[in-house]
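Asker: Each residue of the sequence shown is one higher than the last, beginning at 1 in our numbering. Each residue gets a CB set at the ideal place from its N, CA and C atoms; glycine is no exception.
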Amino acid sequence: MFKIVRDSAIRNKAANYLKNFRLEKRFLATQQEVVSSADVVIIGLVWSLRPCDLEVKLLRDSRKVYSTLEEETGDHAGWTNNGGMFISRSKVRTQEYLRLHTLGKALNIPSEVLSPTDAQKKFPLLDPSVFQMALYASEDGTIDPSMACNALVKVALKNGGKHAYVVMDATPEIRGGPNIRDHDVDLYIKVQGESCQVGGYESNPHMLDQVPDNLQFHLYELDWDVFGIHMTSATSLCPKLSTVGVKSTVCGPESFTPDHKPLLGEDPNVFGLYHNCGYNSAGMMFSAGCGIQMAEWIVTGRYG
Numbered sequence: 001m002f003k004i005v006r007d008s009a010i011r012n013k014a015a016n017y018l019k020n021f022r023l024e025k026r027f028l029a030t031q032q033e034v035v036s037s038a039d040v041v042i043i044g045l046v047w048s049l050r051p052c053d054l055e056v057k058l059l060r061d062s063r064k065v066y067s068t069l070e071e072e073t074g075d076h077a078g079w080t081n082n083g084g085m086f087i088s089r090s091k092v093r094t095q096e097y098l099r100l101h102t103l104g105k106a107l108n109i110p111s112e113v114l115s116p117t118d119a120q121k122k123f124p125l126l127d128p129s130v131f132q133m134a135l136y137a138s139e140d141g142t143i144d145p146s147m148a149c150n151a152l153v154k155v156a157l158k159n160g161g162k163h164a165y166v167v168m169d170a171t172p173e174i175r176g177g178p179n180i181r182d183h184d185v186d187l188y189i190k191v192q193g194e195s196c197q198v199g200g201y202e203s204n205p206h207m208l209d210q211v212p213d214n215l216q217f218h219l220y221e222l223d224w225d226v227f228g229i230h231m232t233s234a235t236s237l238c239p240k241l242s243t244v245g246v247k248s249t250v251c252g253p254e255s256f257t258p259d260h261k262p263l264l265g266e267d268p269n270v271f272g273l274y275h276n277c278g279y280n281s282a283g284m285m286f287s288a289g290c291g292i293q294m295a296e297w298i299v300t301g302r303y304g
């Protein structure tokens, strides 16, 4: 018998693939709603390139799952394949992105190295004088956390089984444009129709000594003194955003592991207890790929 505690996207996918192994005696224990506060706060960006070949494989599996959810469920599952673009402001970052581009070639992940002018053609709000180059990946996209979690549960049943961001007012020229990630200033811009969501990671975040035991949908008031650095970075990269109003704000708790890698696998002290947590704001991006591997790990004793 299997017990899956604290459901979210990752656990929902693991549950679905456990069912694919024809494990009828499976008990799904839901301590929270299918969609938790972590899933609500997660921005839902899905990239295709990472510095590690294993992570690239997991991302490929995730994208494959998300892109076929609508076909499996008959409902729109929130997947939008609008591409993504990494912005480089420095020589060191440019070298990093060129390595990613080379890794992508080896793993059959399409990407393009763009000049600032060419990058602006894909995302008109960009100021080409602010950065040196961009790396564009056509297979990147976004997934709606709530819709994806519910779709994953629907598939499973069919088979038998402190991050912050602001939503800007409409800016028509970005419709259909790629999502933006600027690692040099820890900034991202997610395109959502004619609006965009702007967020990032603070170098001076509010540290939480503890969170409620039954944390579910828990949000905080946005501290503009802390978040303001992201708006400054965003308006520097995309000057027009300085004239666009903020429609709404979201600020919730987020957890990070020391090495920025998730905690996966069997507990060394408790036989049969598997950990699948600590995704460092990348839970939606890796959920499907890691769910597949976790299910195989539990059943066969090793991951694929």
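#1: In whole angstroms, what separates the C-alpha of residue 128 from that of residue 265?
#2: What would DSSP say about residue 293, mapped onto helix, strand or coil?
#3: When the Cα atoms are used, what is the spatial distance from residue 269 to residue 255?
#4: For residue 86, does the three-state DSSP call read helix, strand or coil?
#5: For residue 23, which residues from the same chain have a beta carbon less than 6 Å from its beta carbon, with the 5 sequence-adjacent residues on both sides left out?
#6: Identify every run of the beta strand (DSSP E) within the stretch 115-156, keeping only runs that are complete inside it and at least 3 residues long; order them along the chain.
#7: Rounded to whole angstroms, how far is the Cβ of residue 126 from the Cβ of residue 49, which I believe are closer than 8 Å?
#8: Is it buried or exposed, residue 47, if we count other Cβ atoms within 10 angstroms and call 16 or more buried?
#9: So, with DSSP's three-state summary, where would you put residue 72?
#10: Please state whether DSSP places residue 109 in a helix, a strand or coil.
#11: Please work out which residues of its chain come closer than 7 Å, Cβ to Cβ, to residue 303, disregarding the five sequence neighbours upstream and downstream, and give them in chain order.
#12: Note down the Cα distance separating residue 231 from residue 301, rounded to an integer number of angstroms.
#13: Got a sec? Which residues, its chain only, sit under 6 Å from residue 305 by beta carbon, not counting five neighbours each side?
#14: Taking one C-beta from the stretch 87-96 and one from the stretch 162-179 each time, how about it: are there three or more such pairs within less than 8 Å?
Answerer: Taking the structure as given:
#1: Position 128 of the sequence shown, counting from 1, holds the residue named residue 128. Position 265 of the sequence shown, counting from 1, holds the residue named residue 265. Put simply, the backbone Cα of residue 128 is about 44 Å away from that of residue 265.
#2: For the purposes of this step, residue 293 is taken as residue 293 along the sequence shown, with counting starting at 1. Helix, per DSSP.
#3: Position 269 of the sequence shown, counted from the first residue, corresponds to residue 269. Position 255 of the sequence shown, counted from the first residue, corresponds to residue 255. If I take the Cα positions, the gap works out to 23 Å.
#4: Against the sequence shown, residue 86 aligns to sequence position 86. It is a strand residue.
#5: Counted from its first residue, the sequence shown places residue 23 at position 23. Only weak support exists for where residue 23 lies, its pLDDT of 45 falling under 50; the coordinates are left without a value.
#6: Runs found: 133-137, 141-143.
#7: Within the sequence shown, residue 126 is the residue found at index 126, counting from 1. Within the sequence shown, residue 49 is the residue found at index 49, counting from 1. That belief does not hold up - the Cβ atoms of residue 126 and residue 49 are roughly 19 Å apart, past 8 Å.
#8: For the purposes of this step, residue 47 is taken as the residue at position 47 of the sequence shown. Buried is the label assigned to residue 47, since at least 16 other Cβ atoms lie within 10 Å of its Cβ.
#9: Here the question's residue 72 lines up with position 72 in the sequence shown. Three-state result, residue 72: helix.
#10: Counting from one through the sequence shown, the residue named residue 109 turns up at place 109. In the displayed model, residue 109 falls within coil according to three-state DSSP, outside both helix and strand.
#11: Reading the sequence shown from its first residue, position 303 is the one you call residue 303. Contacts found: 293, 296, 297.
#12: Position 231 of the sequence shown holds residue 231. Position 301 of the sequence shown holds residue 301. Approximately 47 Å, taken between the alpha carbons.
#13: Since the first residue shown for the chain is 1 and the last is 304, residue 305 is missing from the structure and cannot be characterised.
#14: No, because fewer than three Cβ pairs between the stretch 87-96 and the stretch 162-179 fall closer than 8 Å, the two stretches do not touch.
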